[in-house]
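Note sheet for the following structure.
There are 2 protein chains.
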Amino acid sequence: MKPTIYDVAKEANVSIATVSKVINGTGRIGEKTRRKVLLAMKELNYHPSLVASALTGKKTGTIGLLIPDISNPFYAELAKKIEDRSHELGLSVVMCNTDYDEEKEEKYISLLIRKNVDGVIFSSGFKTVSLIQDIVDQNIPVALLAQEIPRLALGTVAIDDYLGGYEAMNHLLSLGHKNVAIIAENVHSSDLRLNAYRDALKEVGIDVHDQYIVRTNASISNGKSCADHFFNLSVPPTAIFACNDLLAAGVMQMAGERGIKVPEELSISGFDNTILSTSSAPTLTTIAQPTEEMGNRVVDMLVEEIQGKGASKQRIKLLPELIIRGSTASPKGN
Amino acid sequence: MKPTIYDVAKEANVSIATVSKVINGTGRIGEKTRRKVLLAMKELNYHPSLVASALTGKKTGTIGLLIPDISNPFYAELAKKIEDRSHELGLSVVMCNTDYDEEKEEKYISLLIRKNVDGVIFSSGFKTVSLIQDIVDQNIPVALLAQEIPRLALGTVAIDDYLGGYEAMNHLLSLGHKNVAIIAENVHSSDLRLNAYRDALKEVGIDVHDQYIVRTNASISNGKSCADHFFNLSVPPTAIFACNDLLAAGVMQMAGERGIKVPEELSISGFDNTILSTSSAPTLTTIAQPTEEMGNRVVDMLVEEIQGKGASKQRIKLLPELIIRGSTASPKGN
DNA sequence: CTGAAAGCGCTAACAA
DNA sequence: TTGTTAGCGCTTTCAG
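What follows is the structure in structure tokens.
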């Protein structure tokens, strides 16, 4: 069996209270006894049980991370930063991949509550907002990432999606494109990017055509089929704004398959600035999200909540940045 | 405060033992009481604490996943499959991103022990083998993924790396390449791929030149610098076998920067068949690992260990598959 | 400076 | 069928 605090106490000839104190550095302990105890712990290869200490009211040192799809490079990057920062702060993270599936979301929420996690980070793409309320009701600190929920007073770290959308559109329009399509996601952030899309078009006096607007879930294959749809229109767009790099990669692939040259015949802008945007050819013009800062700040925000100290809740909006690469150019004959 | 089993018992006018029984479906409970209890649980929005039940000797329902870099698409994919399967089986997974850092490895091992996880999956890239022994000593079930450790009698799911390396080399050589370089990783699986590299060359009577062999860590930028190194040789290789897609992507980028045409002037083979291999242009010839099956089987294997039933430990070697795409061709003048 | 003892929320005999 | 009770391993007063 795994050694317990009793074993250590016996080995060191002290009481369990004493052992507990040296483990936690609480109370005053004589240098000799401390050594004795430390030694006994080494000897027995003792690892204090977090389960037991959690039961006595201490924190579990665990946070939950709800993320829609870890195989999307953007989320993978975010997860990595979150994990990094959490680890620095001595927290471990339970990865909850929801696959945009409400049932999984629900199961995970319940699980996290039962696990007594210290807090949870909800990342973009969360469908069932009412579930978040469930967790808030349990007095479990929550932080929102890359997703703002207007009606919930929760600490949030996000980027300005409207601005990001506007930057992408502005770039495309200033290159001279008139027929610009958009592939948006079925999540809130895409609503804002879509608003920017519409506003940007109106601003330069271009009508918004519904046939140029499509919504889907993030994946390369969906990007391909949406592109295919656009290419089949009687007046195909000369530029496509894909609301994430995965979709953009799909568009680029389909363009390749149809023999459509990028950027000569078709300009493409992605969103997220993932690893995909530099590994494609041509490289992808995209909107960068500061994943590292987002990850750090959301963890820090959550930890502050957990420790109950400090700053009142806030919504932090970081600014996206347009990264111009090889997939965008002026339309032919411009 | 969060409701406890006592609150539920009081609300339902029964004892806590009864409540416990209906929660776990153990013992025999009258239909009426069961309903009463269930109702009380709903009313109070009660979630049984896993922490408490874990302390009484039950499983924690948690496994640890040690992975070197979740932002590497191959690992992200693997993590996703593992998470999927675990979730199906009612397990949650603590993500431990080690960054190939021995200190992090060590901290995580200790953490997982303290957390009383039911088992842990060590994925390729684990440096400090002795640490694995630590966890085995604690009687915590372990499964190895994509990484075989010859001296440890542990359940393992991996691919046949030698075969994978051989397939890649065989493809390159049969295209007529004579000067083939390799970029290997600093992990065990690359040893095997490197062996295959050497054997394949010898088989066709080509000398193995050390200048064509480089080892590094997986990243695009390392791929670029290794490629740069090769391009500067007096006799640059006409083909490069990169031991993973990240490195291959780097090679492709550097080739682009130097104006070297792929595949006309340089053939590239990757390894892993990640999302990168289809999003690049040209698309990348690579060796596919069956991530889904690997993920499923390693989880199943671990669970069997945990449940103590069944099959003796085994090493499962799945077979890799060569995927020929656009980045390889016969060398010029062949 | 050190130890005894009362819980934390739940499970699992054992009684009733 | 239901309840009583003794722990699980640890923290934390409160005494000594």
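Chains A and B are the protein sequences, given in the same order.
So for the first sequence, the working numbering puts the first residue at 13; every next one is plus one.
So for the second sequence, the working numbering puts the first residue at 13; every next one is plus one.
Beta carbons are placed, not taken as given, at the ideal position from N, Cα and C, and that holds for glycine.
Assigned secondary structure, residue i (DSSP; H/G/I helix, E/B strand, else coil)
i      : result
L334/B : strand
S32/B  : helix
N109/A : strand
R40/A  : coil
K329/B : strand
E305/B : helix
E160/A : coil
I147/B : helix
T10/A  : Nothing about residue 10/A can be reported from this structure: the residues present for chain A run from 13 to 346 only.
G167/A : strand
S342/B : coil
S142/B : helix
S135/A : strand
I195/B : strand
V154/B : strand
Among the options, nearest to residue i - alpha-carbon criterion
i      : options                        : result
E304/A : L51/A, M53/A, L103/A, A170/A   : A170/A
A155/A : L77/A, S281/A, I35/A, I125/A   : L77/A
Q150/B : A88/A, P60/A, I225/A, P80/A    : P60/A
L245/B : A230/B, G102/B, Y224/B, F253/B : Y224/B
N128/A : M107/B, I144/B, Y58/B, E117/B  : Y58/B
R270/B : S237/B, A300/B, K139/B         : S237/B
I318/A : I328/A, I75/A, T168/A, K214/A  : I75/A
L334/B : N182/B, R40/B, K71/B, P248/B   : N182/B
Y120/A : A66/B, R337/B, V105/B          : V105/B
L146/A : I125/A, R163/A, P162/A         : Note that residue 146/A is Asp in the sequence shown, not Leu. Here the closest residue by C-alpha is I125/A.
M13/B  : L331/A, P332/A, G69/A, I195/A  : G69/A
R227/A : A196/A, V148/A, I272/A, D130/A : A196/A
R337/B : I328/B, K329/B, T290/B         : T290/B
N109/B : I79/B, P162/B, E115/B, T140/B  : I79/B
A254/A : D284/A, D312/A, F243/A, E43/A  : D284/A
I82/A  : S65/A, H99/A, K71/A, M107/A    : M107/A
V132/B : E100/B, R163/B, E95/B          : E95/B
A300/B : R327/B, L331/B, I272/B, K273/B : L331/B
Same chain, Cβ closer than 8 Å to residue i, five either side skipped, listed in chain order
i      : result
I232/B : L258, L259, A261, G262, Q265
L56/A  : P15, D19, V20, E23
V26/B  : T45, K48, V49
A251/B : L184, L187, H189, N191, V192, A193, L278, S279, I280, S281, T340, P343
L288/B : P85, D257, L258, A260, A261, G282, L296
A165/A : K325
Sequence-distant residues of the same chain with beta carbon closer than 7 Å to residue i, five excluded per side
i      : result
N308/A : K93, R97
S201/A : S136, A158, Q159, D173
Q35/B  : It is Ile, not Gln, that sits at residue 35/B in the sequence shown. Answer for I35/B: P60, listed in chain order.
E6/A   : Residue 6/A is absent from the structure shown; chain A starts at 13 and stops at 346.
A208/A : Y174, G177, Y178, M181
S292/B : A261, M264
M313/B : A155, G167, V169
P248/A : F242
K116/B : T110
Own chain residues within Cβ distance below 6 Å of residue i, not counting five before or after
i      : result
D113/A : none
V275/A : The amino acid at residue 275/A is misidentified as Val; the sequence shows Pro. For P275/A, where only same-chain residues beyond five positions count, the Cβ hits under 6 Å are S339, T340, A341.
M306/A : V169
D111/B : none
R327/B : T168
| query | Listed in chain order, which residues of the segment 40 to 62 of chain A have Cβ atoms closer than 8 Å to some Cβ of chain B? | reply | Taking 8 Å as the Cβ-Cβ cut-off against chain B, the residues of the segment 40 to 62 of chain A that qualify are N57, H59, P60, S61, L62.
| Between the segment 279 to 299 of chain B and chain A, which residues of the former have CB atoms less than 8 Å from a CB of the latter, in chain order? | I287, L288, T290, S291, S292, A293, P294
| message | Can you pull out the residues from the segment 114 to 136 of chain B whose beta carbon lies closer than 9 Å to at least one beta carbon of chain A? | response | K116, K119, Y120, S122, L123, L124, I125, R126, K127, N128
| request: Please name the residues in the segment 73 to 90 of chain B whose beta-carbon is closer than 7 Å to at least one beta-carbon of chain A, in chain order. | output: Hits within the stretch, in order: I82, S83, P85, A88, E89.
| said: Residues of the segment 230 to 253 of chain B in Cβ contact with chain A at a cutoff of 9 Å, in chain order, please. | reply: If the cut-off is 9 Å between Cβ atoms, the segment 230 to 253 of chain B has I232 near chain A.
| message | Threshold first: 3 residues or longer. Then list the beta strand (DSSP E) segments lying entirely within the segment 208 to 294 of chain B, N to C. | response | 225 to 228, 251 to 254, 279 to 281
| request: Scan the segment 262 to 275 of chain B for residues whose Cβ lies nearer than 8 Å to a Cβ of chain A and list them as they occur along the chain. | output: M264, Q265, G268
| message | Against chain A, which members of the segment 94 to 106 of chain B pass a CB distance test of less than 8 Å? | response | E95, D96, H99, S104, V105, V106
| Short-range partners of chain A found in the segment 148 to 159 of chain B, where Cβ spacing is below 8 Å | D149, Q150, N151
| task | Entirely within the segment 50 to 131 of chain A and at least 4 residues each: give me those alpha helix (DSSP H) ranges in chain order. | result | DSSP runs (the alpha helix (DSSP H)) wholly in the segment 50 to 131 of chain A: 62 to 67, 85 to 100, 114 to 126.
| said: Which residues of the segment 14 to 33 of chain A have a Cβ closer than 9 Å to any Cβ of chain B? Give them in chain order. | reply: K14
| Taking a cut of 7 Å between CB atoms, which residues from the segment 171 to 187 of chain A lie near chain B? | none
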